[in-house]
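Counting in numbering that gives the first Met the number 0, the sequence shown runs from 0 upward without gaps.
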Amino acid sequence: MKRHAHQVILILTLVPLVLVASFSYIKIREDLTDLTLGRFDSIAQLSANSLQRHFDSLKALGLSLATRVRFINLVNQGNWEEAVKIMEAVPKNFPYIDRILLADPKGVLMADVPPVPEVRGINFSHRDWYQGVSRNWEPYLSNAYRRTAAPQRNVIAVAIPIKTDDLEVVGILVIQIRLETLLEWSQAVTVGPKGFIYFVDREGKIAASPQYPPQEDLVDYSEVPVVQKVLRGERGVGVFFNPVENEERVSAYRPVEGYGWGVIAQEPTKFAFLHRNKGLRFVLIVYLFVFVLSLLLSFIIIRILSERERAVAVLRQSEEKIRLILQTAYDAFIAINREGRITEWNRQAELIFGWSLKEAIGRTLVETIIPPQYHEAHQKGLKHFLETGEGPVLNRRIELAALHRDGHEFPVEITIWPVKAGEHVYFNAFLRDISEKRRLEESEKRKTEELARSNQDLEQFAYVASHDLQEPLRMVSSYTQLLAKRYQLKLDKDADDFIGYAVDGAKRMQLLIHDLLEYSRVSADAKPFQPVEMGKVVRLVLDNLKMAIQEINAEMTFDPLPTVSGDEMQMARLLQNLIRNALKFRGKEPARIHISSEKKEDQWVFSVKDNGIGIEPAYFERIFQIFQRLHPRDKYPGTGIGLAVCKRIVENHGGKIWVESQKGSGATFFFSLPVIPLSEGEQDV
Numbered sequence: 000m001k002r003h004a005h006q007v008i009l010i011l012t013l014v015p016l017v018l019v020a021s022f023s024y025i026k027i028r029e030d031l032t033d034l035t036l037g038r039f040d041s042i043a044q045l046s047a048n049s050l051q052r053h054f055d056s057l058k059a060l061g062l063s064l065a066t067r068v069r070f071i072n073l074v075n076q077g078n079w080e081e082a083v084k085i086m087e088a089v090p091k092n093f094p095y096i097d098r099i100l101l102a103d104p105k106g107v108l109m110a111d112v113p114p115v116p117e118v119r120g121i122n123f124s125h126r127d128w129y130q131g132v133s134r135n136w137e138p139y140l141s142n143a144y145r146r147t148a149a150p151q152r153n154v155i156a157v158a159i160p161i162k163t164d165d166l167e168v169v170g171i172l173v174i175q176i177r178l179e180t181l182l183e184w185s186q187a188v189t190v191g192p193k194g195f196i197y198f199v200d201r202e203g204k205i206a207a208s209p210q211y212p213p214q215e216d217l218v219d220y221s222e223v224p225v226v227q228k229v230l231r232g233e234r235g236v237g238v239f240f241n242p243v244e245n246e247e248r249v250s251a252y253r254p255v256e257g258y259g260w261g262v263i264a265q266e267p268t269k270f271a272f273l274h275r276n277k278g279l280r281f282v283l284i285v286y287l288f289v290f291v292l293s294l295l296l297s298f299i300i301i302r303i304l305s306e307r308e309r310a311v312a313v314l315r316q317s318e319e320k321i322r323l324i325l326q327t328a329y330d331a332f333i334a335i336n337r338e339g340r341i342t343e344w345n346r347q348a349e350l351i352f353g354w355s356l357k358e359a360i361g362r363t364l365v366e367t368i369i370p371p372q373y374h375e376a377h378q379k380g381l382k383h384f385l386e387t388g389e390g391p392v393l394n395r396r397i398e399l400a401a402l403h404r405d406g407h408e409f410p411v412e413i414t415i416w417p418v419k420a421g422e423h424v425y426f427n428a429f430l431r432d433i434s435e436k437r438r439l440e441e442s443e444k445r446k447t448e449e450l451a452r453s454n455q456d457l458e459q460f461a462y463v464a465s466h467d468l469q470e471p472l473r474m475v476s477s478y479t480q481l482l483a484k485r486y487q488l489k490l491d492k493d494a495d496d497f498i499g500y501a502v503d504g505a506k507r508m509q510l511l512i513h514d515l516l517e518y519s520r521v522s523a524d525a526k527p528f529q530p531v532e533m534g535k536v537v538r539l540v541l542d543n544l545k546m547a548i549q550e551i552n553a554e555m556t557f558d559p560l561p562t563v564s565g566d567e568m569q570m571a572r573l574l575q576n577l578i579r580n581a582l583k584f585r586g587k588e589p590a591r592i593h594i595s596s597e598k599k600e601d602q603w604v605f606s607v608k609d610n611g612i613g614i615e616p617a618y619f620e621r622i623f624q625i626f627q628r629l630h631p632r633d634k635y636p637g638t639g640i641g642l643a644v645c646k647r648i649v650e651n652h653g654g655k656i657w658v659e660s661q662k663g664s665g666a667t668f669f670f671s672l673p674v675i676p677l678s679e680g681e682q683d684v
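Next comes the structure, spelled out in structure tokens:
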């Protein structure tokens, strides 16, 4: 039902818009069309008026020549040669005049300028100019024709009767104008990029047109509809089909008043309406954009309405779902208003505090779950928040004491956050009974303390045991060495071997006890952490190992190192063990050892890189265990405790130690130490 209503809204919105746009488009199209046609009509009228003025000027010129007294007398006397001499300067003064002819009243050519002897004496009474002027012996403008005199050219003629004072016609003055002049006149007015103006005479022949060269055969346009209209004296503008050119054109036509000629201004339709069509396309694009925008806005509005309806439905479901979640939550949920009165109280709150929902709603927290000793603090905190918008217990997890309905107190973990809805303020809280958590924490604390005491006792035991074992072990070692000195070669070979085994075992036992004491002292001898310049420690260690380094011609280098927080003696022991390890497990090439560091987030990562025999990845963890060896004692002496000591030192400083290596390709030992904030200038050596 709602969807149908939305569709009706969409239709009612868009249909009027489409109708208005359609009527507006039609009106704009009509206006632009009328504007285009009106422009053509104005051009045709302007050109027709211009051509009429030119024709009037020709007639006036002819009359001014034909009415000269001396000229009339010479013609009347038959002195044609003298008469024509008067006209010799006229073509020079009026370049658009091609020739001037003098004929008798019967149409016989008697003289001409410039002279063409072969045409003199010819009767031209068949010409349009003679028939026109002799009709009522008034000035006459002829149709276009090809003249007889060489060179033969297409011309028009203005024929003026030569009359005496008593109006007797004694001759005819003929002025010939080449059609090129008419073409120039037709091009004086611009129509458009593809448009032009052409003139037609009374017979419908083209007298001037840029489409046809003036001196080629005259083209008959008498069958063209617009020409027929103009020759009937009609005037107008419209779209006409030109059968000669086989195309549709916008044509404006005007008759030349008093001469029977016509002027047509035209342009092919596709070019004439080019600006109109561009404007209409722009209008269509605008309308389409408005329509699409309206459609989009309609859809958006409908979608907003639909989503709002769905949101309302979802909100109702969500509220019900939240209410159900809160009722079934593991934690107690309580909400109060700005007066401190309870507005929400879920099932878990009933179980934890002993108050039912019906009993709790409307009561204050002071009346229900806050112990008496916190009443004043609660009321002050609520007042402080309402005045300042701030509170020390808001938006964080804290542990407090709560009061059960039966009067006993128990610890709870509580998170409180305010909610503002307009001018109303509410406080929501999740509470969890942490009595069991507290019991577990106390138990864990006791176990941790017991474990720490146990570890301390074990370390003390290892130290004491190792220390106390040294005295009897020295006695055993001394006597076995004494036996070896006194009785060597005095007993059989087996006895000598047994004594040798005993001496060697005693020595190894002494070494193991010494290393065990060193391992146990890592924690026992630890001092309070202080800033330690690692560069200074490296120089101290290299000075201690100077003889060992020079003995094997080893190359030692190190970068500037940072300052860390730690035990300087243990840092020296750590680096000394790692460098000794690199010197011991060198390859065939002279040993090269480099120490560097890099800061990664909140850790300094140190590296000790060598070019020794390397370590297989399978042993990366094992080498850090106490008394673990990877090689025979006769090849690489030692007890295997050095890296275990390094591991313990690093871990006591809050870091980690690891190795990266491939067998035969050297090894790089890394250890990390926490970055500490130091004063400027203390970070690097």
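We put the beta carbon where it would ideally sit given N, CA and C, even for glycine.
Computed from a predicted structure; not experimentally measured.
- Contact between the segment 233–240 and the segment 251–258 is present, with at least three C-beta pairs closer than 8 angstroms.
- Rounded to the nearest angstrom, the gap between the Cα atoms of Glu117 and Val173 is 17 angstroms.
- In the three-state scheme derived from DSSP, where H, G and I count as helix and E and B as strand, Glu358 is classed as helix.
- The C-beta of Phe623 has 16 or more other C-beta atoms within 10 Å across all chains shown, which makes the residue buried.
- Measuring C-alpha to C-alpha distances from Glu202 to each of Pro192, Gly261 and Glu246 identifies Gly261 as the nearest.
- In the same chain as Asp405, and ignoring 5 residues on each side of it, the C-beta atoms closer than 7 angstroms to its own belong to Gly353, in chain order.
- Between Gly641 and Leu672, the C-beta spacing is not below 9 angstroms.
- Excluding its 5 nearest sequence neighbours in each direction, Ala400 has C-beta neighbours in its own chain below 8 angstroms: Pro370, Tyr373, Glu408, Phe409, Pro410 and Val411, listed in chain order.
- Per DSSP, Trp79 is one residue of the alpha helix (DSSP H) stretching across Trp79 to Ile85.
- Rounded to the nearest whole angstrom, the CA to CA distance from Tyr129 to Ile159 is 10 angstroms.
- Within the same chain, Cβ atoms closer than 6 angstroms to the Cβ of Glu659 are found at Thr667, the five residues on either side in sequence being excluded.
- A straight-line Cα-Cα distance of about 7 angstroms links Asp103 and Met109.
- With contacts defined by Cβ atoms closer than 9 angstroms, Phe605 and Trp657 do not form a contacting pair.
- A contact between stretches requires three or more CB pairs, one per stretch, nearer than 8 angstroms, and the segment 209–225 fails this requirement with the segment 54–65.
- Within a 10 Å sphere around the beta-carbon of Thr189 sit fewer than 16 other beta-carbons, which makes this residue exposed.
- Within the same chain, Cβ atoms closer than 8 angstroms to the Cβ of Glu338 are found at Thr363, the five residues on either side in sequence being excluded.
- Gln265: member of the beta strand (DSSP E) spanning Trp260 to Pro267, first to last residue.
- Between Phe270 and Pro212, the CB-CB gap reaches or exceeds 9 angstroms.
- With contacts defined by Cβ atoms closer than 9 angstroms, Trp184 and Ser41 do not form a contacting pair.
- Residue state for His593 is assigned as strand, using DSSP reduced to three classes.
- Taking each of Gly106, Leu577 and Pro15 in turn and checking the Cα distance to Val169, the smallest one comes out for Gly106.
- Runs of the beta strand (DSSP E) spanning 3 or more residues and lying entirely within the segment 329–410 occur at 331–336, 341–344 and 396–402, in chain order.
- With a beta-carbon spacing of about 13 angstroms, Leu57 and Val132 fall beyond the 8 angstroms limit used to define contacts.
- Pro113 sits exposed, since fewer than 16 C-beta atoms from the chains shown fall within 10 Å of its C-beta.
- With respect to Glu554, Arg591 sits close: the two C-beta atoms are nearer than 9 angstroms.
- Counting only residues of its own chain and dropping the five nearest sequence neighbours on each side, Gln602 has a CB closer than 8 angstroms to the CB of Gly654, Ser671, Leu672, Pro673 and Val674.
- Ala334 places its beta carbon less than 9 angstroms from that of Tyr425.
- Taking the CA atoms as reference points, Leu539 sits about 14 angstroms from Ala547.
- In this structure Asn345 is buried. Its beta-carbon is surrounded by 16 or more other beta-carbon atoms within 10 angstroms.
- Selection Ser564, Tyr197 and Thr556 evaluated against Val649 yields Ser564 as nearest (Cα-Cα).
- Contact between Ala43 and Ala143 is ruled out by a C-beta separation of about 20 angstroms, above the 8 angstroms threshold.
- DSSP places Thr32 within a helical segment (H, G or I) once states are collapsed to three.
- In this structure, the CA atom of Glu167 is about 29 angstroms from the CA atom of Phe93.
- Annotation: Leu544 to Val537 spans about 10 angstroms, alpha carbon to alpha carbon.
- Between Pro209 and Phe195, the beta carbon gap of about 5 angstroms places them in contact (Cβ cut-off 8 angstroms).
- Residue pairing for Gln529: DSSP places it in a beta bridge opposite Gly565.
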